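Numbering (our numbering), first residue to last: 2 to 460. As structure tokens, the structure follows; a few thoughts come after it.
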């Protein structure tokens, strides 16, 4: 619960003595290294450090888990490294002229390890864009060199990498947001609320995260500004020190917040505006929510009904998704003929999983019908066929082909035959997972059932 760099004199003396005995006097600075804590740091506690440098990580390994040992090693090494002399490098810069072109190279050679013998940050921790310098040979001024190989390359500005837990906490510190005691809660909340997902150790905003962020920034710009949070942290520190009263601070905050809240109630319509233009009418597109998820819709709706799916580019901005060409599902030939053109009817399955019969001459012939079962409707004088149909929710049922004149319907697959107990026309096939299918009477109170004959098992 501390962000202080303060160290006790006792810990400094112990660290310097340990470094002297384990690495030598060249690794001990003349005076102890001191570091200034950032403004507003909570100085009630010392910096995080080992209770004793004599407790080296190798000695502690039998008592700690793998993760605990890794954390303790990091704290132990960084604490000691902070009290060691700096590393020394010989830096070389070379300019090679070839006609009008000038080629530049730079390199560095480590001549004294200093603290790097114990602890060294990787480039990704300190500066993701910075790599290691390449070693250069010994050269003299105006020396001629021979070209062995030329590797042309083109470099483009890359977007900043996504935050890791460490870089996000560093950004929070730099902007004066939060305290060490709240950093863990911040990281936990954005994960639990599914505002982000973690991919390869880095936070990736989810679609929910984009939507919540865009709505809050659009409707509460002052509160979502990092400067506001930093100012509020300062005021809370002022309350703690007795320089400000909490009532005054809350009054000032709520007066502005109440106005923003009232405006948001009117303007927050569950949509997020974008800079994308509608390809039909030229108005801006907005992200809206529908029964199948989020989508882009024209702000001119209902006059303009353009909609589209969207993707996020590398900067997180929405972009129109390319529409995939529609592919007509393949079908299986049946013994039925098209009622309009006489073509063979094909049994197909739609993208939603519904089965239907379609003419083989599609798209010149667009006739379709639900698949038949070959079982006649049991209603006296109807003469229709029981057809396979689907409800609006995709539930399969069976109804008469003469609908709406005939309203016969059943949920189970029909079986052509009379019940031997009650003479009910058309029985039902019951299929349950883990059980053999059975033929049952569909009349309430009749308990007739028998195993489904093998000739019907394949249906």
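For every residue, glycine included, the Cβ atom is placed at its ideal position computed from N, Cα and C. This one's a predicted model, so the numbers in the text were calculated from it and none came from an experiment.
{"query": "Paired residues, beta bridge with residue 308 - DSSP", "result": "298"}
{"query": "Rounded C-alpha distance that separates residue 427 from residue 405", "result": "20 Å"}
{"query": "Length-filtered (4 minimum) alpha helix (DSSP H) runs lying within the segment 68-127", "result": "124-127"}
{"query": "Option in 151, 92, 77, 106 with minimal Cα separation from residue 121", "result": "77"}
{"query": "Assigned secondary structure, residue 376 (DSSP; H/G/I helix, E/B strand, else coil)", "result": "strand"}
{"query": "Touching by the beta-carbon criterion (3+ pairs, under 8 Å), the segment 238-257 and the segment 265-281", "result": "no"}
{"query": "Between the CA atoms of residue 70 and residue 64 - distance to the nearest angstrom", "result": "9 Å"}
{"query": "Burial state of residue 451, where buried means 16 or more other Cβ atoms lie within 10 Å", "result": "exposed"}
{"query": "Distance CB(residue 336)-CB(residue 376) smaller than 7 Å", "result": "no"}
{"query": "Where residue 132 falls, given that 16 or more other Cβ within 10 Å makes a residue buried", "result": "Caution is warranted here: a pLDDT of 45 is assigned to residue 132, below 50, making its placement in the model unreliable, and no coordinate value can be reported."}
{"query": "Exposure of residue 28, with buried meaning 16 or more beta-carbon neighbours within 10 Å", "result": "buried"}
{"query": "Spatial neighbours of residue 370 in its chain, beta-carbon cut-off 6 Å, leaving aside the 5 residues before and after", "result": "358"}
{"query": "Contact under 7 Å by Cβ, residue 421 with residue 430", "result": "no"}
{"query": "Residue 400, DSSP secondary structure in three states", "result": "strand"}
{"query": "Three or more C-beta pairs below 8 Å linking the segment 8-16 and the segment 44-57", "result": "yes"}
{"query": "Euclidean distance between Cα positions of residue 109 and residue 59", "result": "33 Å"}
{"query": "Straight-line Cα distance separating residue 260 from residue 223", "result": "12 Å"}
{"query": "First through last residue of the alpha helix (DSSP H) which encompasses residue 175", "result": "166-175"}
{"query": "Cut-off 8 Å between Cβ atoms - residues of its own chain near residue 112, not counting five sequence neighbours on either side", "result": "89, 90, 91"}
{"query": "Simplified DSSP state of residue 254, which is helix, strand or coil", "result": "helix"}
{"query": "Status (buried if at least 16 other CB within 10 Å, exposed otherwise) for residue 84", "result": "buried"}
{"query": "In DSSP terms, what residue 290 is bridged to", "result": "295"}
{"query": "DSSP beta-bridge partners of residue 360", "result": "346"}
{"query": "Rounded straight-line distance, which links the Cα of residue 321 to that of residue 284", "result": "14 Å"}
{"query": "For residue 61, three-class secondary structure by DSSP", "result": "helix"}
{"query": "Unbroken beta strand (DSSP E) run spanning residue 428, endpoints", "result": "426-431"}
{"query": "Neighbour-count burial assignment, residue 146, 16 or more Cβ in a 10 Å radius", "result": "exposed"}
{"query": "Helix, strand or coil at residue 55 according to DSSP, with G and I counted as helix", "result": "coil"}
{"query": "Candidates 99, 107, 180: closest to residue 151 by CA position", "result": "99"}
{"query": "Environment of residue 103 [buried if 16+ CB atoms lie within 10 Å]", "result": "exposed"}
{"query": "Extent of the continuous alpha helix (DSSP H) run through residue 233", "result": "227-242"}
{"query": "First and last residue of the uninterrupted beta strand (DSSP E) at residue 467", "result": "Because the chain spans 2 through 460 in this model, residue 467 falls outside it and cannot be assessed."}
{"query": "Environment of residue 161 [buried if 16+ CB atoms lie within 10 Å]", "result": "exposed"}
{"query": "Per DSSP, cross-strand counterpart(s) of residue 278", "result": "285"}
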